[in-house]
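Student:
Number of protein chains: 2
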Amino acid sequence: MNIAIPIFERFTALDAVGPYEVLSRPPGWTVTFVAETTGPKRTETEMLSLSADATFDELPEPEIVVVPGGYGTRALMHDETILDWLRHAHEHSTYTTSVCTGSLLLGAAGILDGLEATTHWMALDKLAELGATPVNRRVVEQGKVITAAGVSAGIDMALTLVARAIGPEMSQAIQLGIEYDPQPPFDTGSLDKAPQAIVDLVRGVPELS
Amino acid sequence: MNIAIPIFERFTALDAVGPYEVLSRPPGWTVTFVAETTGPKRTETEMLSLSADATFDELPEPEIVVVPGGYGTRALMHDETILDWLRHAHEHSTYTTSVCTGSLLLGAAGILDGLEATTHWMALDKLAELGATPVNRRVVEQGKVITAAGVSAGIDMALTLVARAIGPEMSQAIQLGIEYDPQPPFDTGSLDKAPQAIVDLVRGVPELS
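For the protein sequence lines, the chains are A and B, in the order given.
The opening position of the first sequence corresponds to residue 363 in my numbering, with each subsequent residue numbered one higher.
The opening position of the second sequence corresponds to residue 363 in my numbering, with each subsequent residue numbered one higher.
Written as structure tokens, this is what we have:
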């Protein structure tokens, strides 16, 4: 299985690396980071760069597409290079997926028309403007299109994807391999669970979201 | 706060990027990926590279150190360049931390002598040989030394660290910002929870662990 993760300036690192860490593990699966041009792309904070090893032209028809989100998606909402690549890839893909605001790019490409989809909780309104029906769930499956909520949700999405594509045993083995037995020190990881003061703090400080 | 994440050939991407995604968010905190030489380092699977932006010499005394693990730690157990950097950094650090088999490097540097510590479940025996008392917990705090279990545990460790260094509100806000409300499709993420057949599968297929 060939998986492509398109990256761009100011994408969110964990959106891409969470699914990468899961999808790179099934024997025979290969993950390639792709971009308009090869080489390093800065993440959202500009404190880190990951490299694209192939151009969009070099990998036009991956079997799985995983689109990460991040501040950098805003500049791409009318970028026909990446949108055309997404449209063509989606025509041929086995699964087309996104994490966080990566779903806004799928929406901009017309891929979410009439489908339920999700994104980071702060961006759900934007999804509706792009033809999707936004739903507040962690992983949303609509046939071959799978969208995940904010940032860390990509890990859950990727485990769901492996279970569908290969089977539950492989997904469970990868979960154990990456010791994914989450024990966050707090329980404030969604809009439903966080106290209003914490929601206000995130809305007020751009670095936090 | 200056945070350094040392990387090397064949480190595990999520070990580093999980904590990065948390620790890069508090206003005023800066994360730098450091290595013996700057430039791209291949991750464990060799399917991805992240760049080091500074050399060890350029950042000798970060306030927080986060050591990721991965297959590449094996080649560094007697590498005095990284071990000397870790020893000096630890003398001056506010917190010295690790994820997964990153703790084996802390152990090799003598930093875990007499301390409880953890690592990936498959490497707990090795920790004992390095002077630590291995414990099977997700995050182990011993004064300023904090070690985390395998791969994904670095996210929990980093949220714990932010709560200690700044306060619970900031940690909770970051948890909401990265929408860390984990909902894995299975509950097999630790040795205690996984069926024996899944444990055997992970032990038998090198890519899975």
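Think of the CB as a built atom: it goes at the ideal place given N, C-alpha and C, for glycine as much as any other residue.
Assuming contact is defined by CB atoms lying nearer than 7 Å, are A/Gly461 and A/Ala414 in contact in what I supplied?
Tutor: Mapped onto the first sequence, residue 461 of chain A falls at position 99. Mapped onto the first sequence, residue 414 of chain A falls at position 52. It should be noted that the sequence gives Val, not Gly, for residue 461 of chain A. Not in contact: A/Val461 and A/Ala414 (Cβ atoms no closer than 7 Å).
Student: State the beta-bridge partners of A/Glu478 as determined by DSSP.
Tutor: Mapped onto the first sequence, residue 478 of chain A falls at position 116. Answer by DSSP bridge pairing, in chain order: A/Thr495.
Student: May I ask you to report which of helix, strand or coil DSSP gives A/Thr435?
Tutor: Stepping through the first sequence from its first residue, residue 435 of chain A is reached at position 73. In this structure, A/Thr435 counts as helix in the three-state DSSP scheme.
Student: In the DSSP assignment, find the unbroken alpha helix (DSSP H) run with B/Glu503 in it and report its ends.
Tutor: Within the second sequence, residue 503 of chain B is the residue found at index 141, counting from 1. Here B/Glu503 belongs to no alpha helix (DSSP H); instead the beta strand (DSSP E) covers Val501 to Gln504.
Student: Between which two residues does the beta strand (DSSP E) carrying B/Ala397 extend?
Tutor: In the second sequence, the residue the question calls residue 397 of chain B occupies position 35. Residues Thr392 to Ala397.
Student: Considering only residues of the same chain and omitting the five flanking positions on each side of A/Thr374, which have a CB-CB separation below 7 Å?
Tutor: Here residue 374 of chain A corresponds to residue number 12 of the first sequence, with the count starting at 1. Closer than 7 Å at the Cβ level, and outside the excluded window around A/Thr374, lie Thr405, Glu406, Pro430, Gly431, Gly432, Cys462 and Val513.
Student: Could you have a look at B/Pro381 and say whether DSSP puts it in helix, strand or coil?
Tutor: Residue mapping note: residue 381 of chain B aligns to position 19 of the second sequence, counting from 1. Of the three classes helix, strand and coil, the one that applies to B/Pro381 here is helix, per DSSP.
Student: To the nearest angstrom, how far is the alpha carbon of A/Glu420 from that of B/Glu420?
Tutor: As a working note, residue 420 of chain A is residue 58 in the first sequence. As a working note, residue 420 of chain B is residue 58 in the second sequence. Going by the C-alpha atoms only, they are around 37 Å apart.
Student: Does chain B have any CB closer than 7 Å to the CB of A/Ser460?
Tutor: The sequence position of residue 460 of chain A within the first sequence is 98, counting from 1. For A/Ser460, the answer is no, since every Cβ of chain B falls outside 7 Å of its Cβ.
Student: Output, in chain order, the set of chain B residues within a Cβ distance shorter than 7 Å of A/Phe395.
Tutor: Mapped onto the first sequence, residue 395 of chain A falls at position 33. In chain order: Leu410.
Student: Using a Cβ cut-off of 7 Å (strictly closer), state whether B/Thr495 contacts chain A.
Tutor: For the purposes of this step, residue 495 of chain B is identified with residue 133 of the second sequence, where counting begins at 1. False, the Cβ-Cβ gap to chain A never drops below 7 Å.
Student: List the residues of chain A whose Cβ lies closer than 7 Å to the Cβ of B/Glu423, in chain order.
Tutor: Against the second sequence, residue 423 of chain B aligns to sequence position 61. Within chain A, no residue comes near B/Glu423; the closest Cβ sits about 18 Å away, beyond 7 Å.
Student: Between B/Ile560 and the rest of its own chain, which residues show a CB-CB distance below 7 Å, the 5 nearest in sequence each way excluded?
Tutor: Position 198 of the second sequence holds residue 560 of chain B. Once the five neighbours on either side are set aside, the close Cβ partners of B/Ile560 are Thr550.
Student: To the nearest angstrom, how far is the alpha carbon of B/Leu563 from that of B/Asp554?
Tutor: Here residue 563 of chain B is taken as the residue at index 201 of the second sequence, counted from 1. Here residue 554 of chain B is taken as the residue at index 192 of the second sequence, counted from 1. Rounded to the nearest angstrom, the two C-alpha atoms are 15 Å apart.
Student: Within its chain, find whatever has a CB closer than 7 Å to the CB of A/His454; leave out the 5 residues flanking it on each side and keep chain order.
Tutor: On the first sequence, position 92 is the one that residue 454 of chain A refers to. Within the same chain, A/His454 has close Cβ partners Glu423.
Student: Give the C-beta separation of B/Phe395 and B/Ile426 to the nearest angstrom, bearing in mind that I take them to be a contact with Cβ-Cβ under 8 Å.
Tutor: Taking the first residue of the second sequence as 1, we reach residue 395 of chain B at position 33. Taking the first residue of the second sequence as 1, we reach residue 426 of chain B at position 64. In fact, because the Cβ distance is near 13 Å, the residues do not count as touching under 8 Å.
Student: With DSSP as the reference, please indicate the residues paired to A/Lys403 in a beta bridge.
Tutor: If you number the first sequence from 1, residue 403 of chain A lands on position 41. DSSP lists A/Leu412 as partners of A/Lys403.
Student: A/Gln558: buried (16+ other C-beta within 10 angstroms of its C-beta) or exposed?
Tutor: Counting from one through the first sequence, the residue named residue 558 of chain A turns up at place 196. So A/Gln558 ends up on the exposed side.
Student: Quick one, which of B/Leu521, B/Pro388 and B/Gly476 has its alpha-carbon nearest B/Arg500's?
Tutor: Against the second sequence, residue 500 of chain B aligns to sequence position 138. Looking at the Cα atoms, B/Leu521 is the closest of the given residues.
Student: Hey, how far is the Cα of A/Ser465 from the Cα of A/Trp391?
Tutor: Mapped onto the first sequence, residue 465 of chain A falls at position 103. Mapped onto the first sequence, residue 391 of chain A falls at position 29. Roughly 23 Å separates the two Cα atoms.
Student: Measure the C-alpha to C-alpha separation of A/Val384 and A/Ile540 and round it to an integer number of angstroms.
Tutor: Position 22 of the first sequence, counting from 1, holds the residue named residue 384 of chain A. Position 178 of the first sequence, counting from 1, holds the residue named residue 540 of chain A. Going from the Cα of A/Val384 to the Cα of A/Ile540 covers about 8 Å.
Student: Within 7 Å (strictly less), CB to CB, does B/Gly512 reach chain A?
Tutor: Looking up residue 512 of chain B in the second sequence gives position 150. With 7 Å as the cut-off, B/Gly512 counts as an interface residue toward chain A.
Student: Span of the beta strand (DSSP E) holding B/Ile426?
Tutor: Reading the second sequence from its first residue, position 64 is the one you call residue 426 of chain B. Segment Ile426 to Val429, the beta strand (DSSP E) holding B/Ile426.
Student: What separation, rounded to the nearest whole angstrom, lies between the Cα atoms of B/Thr435 and B/Ala485?
Tutor: By one-based count along the second sequence, residue 435 of chain B stands at place 73. By one-based count along the second sequence, residue 485 of chain B stands at place 123. Using only the alpha carbons, I get a separation of about 12 Å.
Student: Taking the alpha carbon of B/Glu371 as the reference point, which residue from B/Asp441, B/Ala494 and B/Ile517 has its own alpha carbon closest?
Tutor: Looking up residue 371 of chain B in the second sequence gives position 9. When each option's Cα is compared against that of B/Glu371, the closest is B/Asp441.
Student: Interface residues of chain A around B/Arg436 at Cβ under 9 Å?
Tutor: Residue 436 of chain B sits at position 74 when you count from the first residue of the second sequence. None at all; the shortest Cβ gap to chain A is about 17 Å.
Student: Taking the straight line between their C-alpha atoms, what separation do you get for A/Trp483 and A/Gly566?
Tutor: As a first step, residue 483 of chain A must be located in the first sequence, where it is residue number 121. As a first step, residue 566 of chain A must be located in the first sequence, where it is residue number 204. Their backbone Cα atoms lie some 15 Å apart in a straight line.
Student: What number of angstroms, rounded off, separates the C-alpha of A/Ile473 from the C-alpha of B/Ala515?
Tutor: Residue numbering aside, residue 473 of chain A sits at position 111 when the first sequence is read from its first letter. Residue numbering aside, residue 515 of chain B sits at position 153 when the second sequence is read from its first letter. Distance between the alpha carbons of A/Ile473 and B/Ala515 is about 34 Å.
Student: According to DSSP, what are the bridge partners of A/Ile508?
Tutor: Here residue 508 of chain A corresponds to residue number 146 of the first sequence, with the count starting at 1. A/Ile508 pairs with A/Thr459 and A/Glu503.
Student: Residues bridged to A/Thr417 by DSSP?
Tutor: Taking the first sequence and counting its residues from 1, the one referred to as residue 417 of chain A is at position 55. The partner list for A/Thr417 (beta bridge, DSSP) reads A/Ala397.
Student: Using a cut-off of 8 Å between C-beta atoms, extract the partners of B/Ala451 located in chain A.
Tutor: For the purposes of this step, residue 451 of chain B is taken as the residue at position 89 of the second sequence. Neighbours of B/Ala451 on chain A: none; closest Cβ ~18 Å, over 8 Å.
Student: Please compile the residues from chain B whose C-beta is within a distance smaller than 7 Å of the C-beta of A/Glu398.
Tutor: Within the first sequence, numbered from 1, the residue matching residue 398 of chain A stands at position 36. Residues of chain B passing the Cβ test: none, with the nearest at roughly 18 Å.
Student: Can you list the residues of chain A that B/Tyr382 reaches, using a CB-CB cut of under 7 Å?
Tutor: The residue you call residue 382 of chain B lines up with position 20 of the second sequence. By Cβ distance, chain A contributes Ala375 and Leu410.
Student: At 4 residues or longer, what runs of the alpha helix (DSSP H) sit wholly inside the stretch 517-564 of chain A?
Tutor: Counting only runs of 4 or more, we get 530-539.
Student: Under a three-way DSSP split, which group does B/Asp368 fall into?
Tutor: Here residue 368 of chain B refers to the residue found at position 6 of the second sequence. One point to set straight first is that residue 368 of chain B is Pro, not Asp, in the sequence displayed. DSSP places B/Pro368 in strand when its eight states are reduced to three.
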